[in-house]
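Trainee: In the numbering used here, the protein residues as written are 53 to 433.
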Amino acid sequence: MGKNIRNCLIAVILSFVLLACVIGGGLYFWARQEGLNPIKAIQLRVNLERHETELNTPAGSDPTFREFEVRQGDTASTIALNLQRQGLINNPDLFVDYVSYHRLDSQLEAGIYFLTQAQTIPQIARLLTDASASTIPFRTIEGWRLEQIAEIVDTNPLLKFSGADFMAVVGPGAPIPPDFMQRVGIPAALDNGQPPSLEGFLYPATYKLRPGITAVELRDEMLETFNLYVTDDLYQRAAAQGLTMYEVVTLASIVEREAVVAEERPVIASVYLNRLRLPMKLDADPTVQYAIGNTRDGSWWPQITQGDYYGLAGVPNQSYSTYLNDGLPPGPIASPGLASIQAVLEAPQTEYYYFRADCEGGKHVFFTLEQRADHANFTCP
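#1: Taking DSSP as the reference, what is the three-state secondary structure of residue 155?
#2: Less than 8 Å separating the beta-carbons of residue 279 and residue 371?
#3: Should residue 383 go down as buried or exposed, given a rule of 16 or more other Cβ atoms within 10 Å for buried?
#4: Can you list, in chain order, the residues of its chain whose CB lies under 6 Å from that of residue 151, leaving out five sequence neighbours each side?
#5: Give the straight-line distance between the Cα atoms of residue 316 and residue 143, rounded to the nearest whole angstrom.
#6: Should the segment 296–315 be regarded as contacting the segment 343–351, the criterion being three or more beta carbon pairs within less than 8 Å?
#7: If you scan the segment 153–236 from start to end, which runs of the beta strand (DSSP E) of 3 or more residues do you find wholly inside it?
#8: Do residue 320 and residue 232 have their beta-carbon atoms positioned less than 8 Å apart in this structure?
#9: Short check: CB of residue 238 to CB of residue 211, under 8 Å?
#10: Check the C-beta distance from residue 318 over to residue 399 and give it rounded, since I have them as a contact under 8 Å.
#11: What is the rounded straight-line gap between the Cα of residue 223 and the Cα of residue 353?
#12: What is the rounded straight-line gap between the Cα of residue 281 and the Cα of residue 249?
#13: Quick check on residue 299: does DSSP put it in helix, strand or coil?
#14: Output the distance between the C-alpha atoms of residue 297 and residue 285, rounded to the nearest integer angstrom.
#15: Take every Cβ of the segment 354–369, pair it with every Cβ of the segment 159–171, and state whether three or more of those distances are shorter than 8 Å.
#16: According to DSSP, is residue 258 helix, strand or coil?
#17: Work out the CA separation of residue 148 and residue 313 for me, nearest whole Å.
#18: Would DSSP call residue 409 helix, strand or coil?
#19: Let me check one thing: in DSSP terms, what residues is residue 418 bridge-paired to?
#20: Which residue marks the beginning of the beta strand (DSSP E) containing residue 120, and which one marks its end?
#21: Nearest to residue 257 by alpha carbon, out of 396, 386, 409, 192?
#22: If we ignore side chains and look at the alpha-carbon of each, how far apart do residue 417 and residue 323 end up?
#23: Going along the chain, which residues of its own chain have a beta-carbon closer than 7 Å to the beta-carbon of residue 377, five neighbours each way excluded?
#24: Could you check where the alpha helix (DSSP H) with residue 274 kicks off and where it finishes?
#25: When you compare only the Cα positions, how much space is there between residue 172 and residue 179?
#26: Got a sec? Which residues, its chain only, sit under 6 Å from residue 236 by beta carbon, not counting five neighbours each side?
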């Protein structure tokens, strides 16, 4: 009887030992990380699993990018505390556990980063391993004028220069890179006697800027992007039509402001080209808006009244009004995208000289010289 009990006890003990080995081995393979102490790996993995929800929940919802610096010699703990101070994470210990378990603690790089509250601990940790990938997001929109781009500069806290600094290198009278000036045909002085600017040539796009970029460097990057999209082929097609790229961009900037529906761009361009060839005044509303600027209601593209068409005498930019002046305005009125530039160069042959809104806010109605009388007194119901 004693021998049987002893054998049973031995069997039970061996079973527990075997079970412990199985559990321990399972935990080892579940939690193991190359180069990490097995016991430490298990502890970290268990803690990360317990806090999985917190780990993958952002510290907040603010999508604004914040500048965050990792200094040379900063430890994971120091970085975690600094992230918490800037409101980018809530739990610094959890950050340390995550980077330790995933062996990222030795890969955290010194540098300037741009992070948001809307990013999780794993996302932030991965970003902090590559300082070279950290950039400042900067976006400009088709149809914006220089002042609107400058306002976006002022609203971006990550840039080290102001909108006024930017206007000083792109606005009227600012030095223009000679090669670019010659390539696109920017005149030394405009028809109105004013010095030229880079209006129309700062290509609208989403940029990823390096930390510490200057106003001049941003200008140059935007001009390089213009050169990237506006290829030699487009210059050749412009020359074949007797146009300089400066004239093409000037007309394209009007098309950009007029077009609501993309497929109408070439037809709108054909209307203005027909008027130029006749010749007759362009009568383009956006040029009146450009002349008025933000002097009225704070908008750079204000609502215009019937009196504005011929009542801008004394307005500094009245030379841009194509109701008062023949031909193209002295220069572009906004930055056109590639589609509007191509629309000018690919405008179909039409007999249209006029267009008006279709009253539904989406498209235009186009008509000929002969049809003008039918639309002269038209008003939307």
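Heads up, the beta-carbon is just placed ideally off N, CA and C, and yes, glycines get one too. Keep in mind that this is a model prediction, so the values were computed, not measured.
Mentor: To lay it out plainly:
#1: coil
#2: no
#3: buried
#4: 128, 157, 177
#5: 54 Å
#6: no
#7: 163–167, 188–191
#8: no
#9: It is not a contact, given that the beta carbons lie outside the stated cut-off.
#10: 5 Å
#11: 18 Å
#12: Taking the straight line joining both Cα atoms gives about 20 Å.
#13: Looking at residue 299 - three-state DSSP - the assignment turns out to be helix.
#14: 11 Å
#15: no
#16: Residue state, collapsed to three classes: strand.
#17: 52 Å
#18: strand
#19: 407
#20: 118–122
#21: Of the candidates 396, 386, 409, 192, the one whose C-alpha sits nearest the C-alpha of residue 257 is 192.
#22: 12 Å
#23: The answer, listed in chain order, is 371.
#24: 267–281
#25: 11 Å
#26: 297, 298.
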